[in-house]
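Below is one structure, written out as structure tokens, with a few remarks after it.
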């Protein structure tokens, strides 16, 4: 079955710097890759997603890249702000009901 | 939280007792999911539902059962709670299957002593 690995587990950046979180997946049939942000005490919330027919997608300060050959995808946050501090999860799905999540990255943005 | 409520929000119980967690949605979404969240494991799918009375197992279904008698309600039952089931449980909903946005509820923190 699908396995998704996520790195780093903790990331600390200075406000205004960029943050990059990387994930790898094992099942070449995976075709949908969402990213979720979880703030303290809340449920995860989708921030961006990418499908296998696209190499990059941007939404304001957030971008995701996908390399199908290498089976990895990354989240890029530019001009980080304190409110970006949260836990971020990547995930992969092969088109069925089972979405496999990475273990999460705790991002700290220092003011 | 996209019209999703979970109850209870916190529960402490003892080993061997049955526990039922409830997820209620007001969005009329067809698909509902139960996940558990543990440090170092992210979110793992326990069970999911693709319609009323239609459910199936996820990654970590042992020791759990579910029921969905109405579109809006999805119940998760721990038949005989164990300490390894201490976790935070999240319900999620989506309009279509896995390749669609999942909207998560606020979670239930369960402690099994």
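Chains as they are written, first to last, in my numbering: chain X, 1093 to 1203; chain Z, 190 to 302.
We put the beta carbon where it would ideally sit given N, CA and C, even for glycine.
It should be emphasised that the depicted structure is a prediction, and the values quoted were computed from it without experimental measurement.
- In terms of Cβ geometry, residue 1181 of chain X and residue 286 of chain Z do not form a close pair [threshold 7 Å].
- Cβ proximity to chain X below 8 Å picks out 239, 245, 247 and 248 from the segment 238-264 of chain Z.
- Going by DSSP, residue 217 of chain Z is part of no beta strand (DSSP E) at all; its letter is neither H nor E.
- Remark: C-beta atoms of residue 1200 of chain X and residue 1104 of chain X approach each other more closely than 7 Å.
- Only 1123, 1124, 1126, 1128, 1130, 1133, 1134, 1135, 1136, 1137, 1138 and 1141 from the segment 1113-1141 of chain X bring a Cβ to less than 9 Å from some Cβ of chain Z.
- By the C-beta density criterion, residue 1129 of chain X is buried, having at least 16 other C-beta atoms within 10 angstroms.
- With respect to the 7 Å criterion, residue 1126 of chain X and residue 1183 of chain X are classified as neighbours on the basis of their beta carbons.
- The C-beta of residue 1093 of chain X has fewer than 16 other C-beta atoms within 10 Å across all chains shown, which makes the residue exposed.
- Each residue's CA atom was taken as its position, placing residue 294 of chain Z and residue 1133 of chain X some 11 Å apart.
- Across the segment 1175-1202 of chain X, CB contacts with chain Z closer than 7 Å involve 1181, 1185, 1187, 1188, 1189, 1190, 1191, 1193, 1194, 1195 and 1196, in sequence order along the chain.
- Sorting Z:199, Z:271 and Z:240 by C-alpha distance to the C-alpha of residue 222 of chain Z places Z:240 at the top.
- Residue 1126 of chain X carries a strand assignment under DSSP once its states are collapsed to helix, strand and coil.
- Shortest Cα-Cα distance from residue 1141 of chain X to any of X:1152, X:1124 and X:1135 involves X:1124.
- Separation of residue 193 of chain Z and residue 276 of chain Z (C-alpha to C-alpha, rounded to the nearest whole angstrom) is 19 Å.
- Excluding sequence positions up to five before and after residue 1169 of chain X, its CB lies within less than 7 Å of the CB of 1110, 1111, 1153, 1154 and 1176, all in the same chain and listed in chain order.
- Runs of the beta strand (DSSP E) lying entirely within the segment 1130-1156 of chain X, each at least 3 residues long, are 1137-1143 and 1148-1151 in chain order.
- Below the 8 Å Cβ cutoff, chain X contributes 1195 as neighbours of residue 230 of chain Z, in chain order.
- At a cut-off of 7 Å between beta-carbon atoms, residue 288 of chain Z makes contact with chain X.
- The C-alpha of residue 283 of chain Z is placed about 5 Å away from the C-alpha of residue 291 of chain Z.
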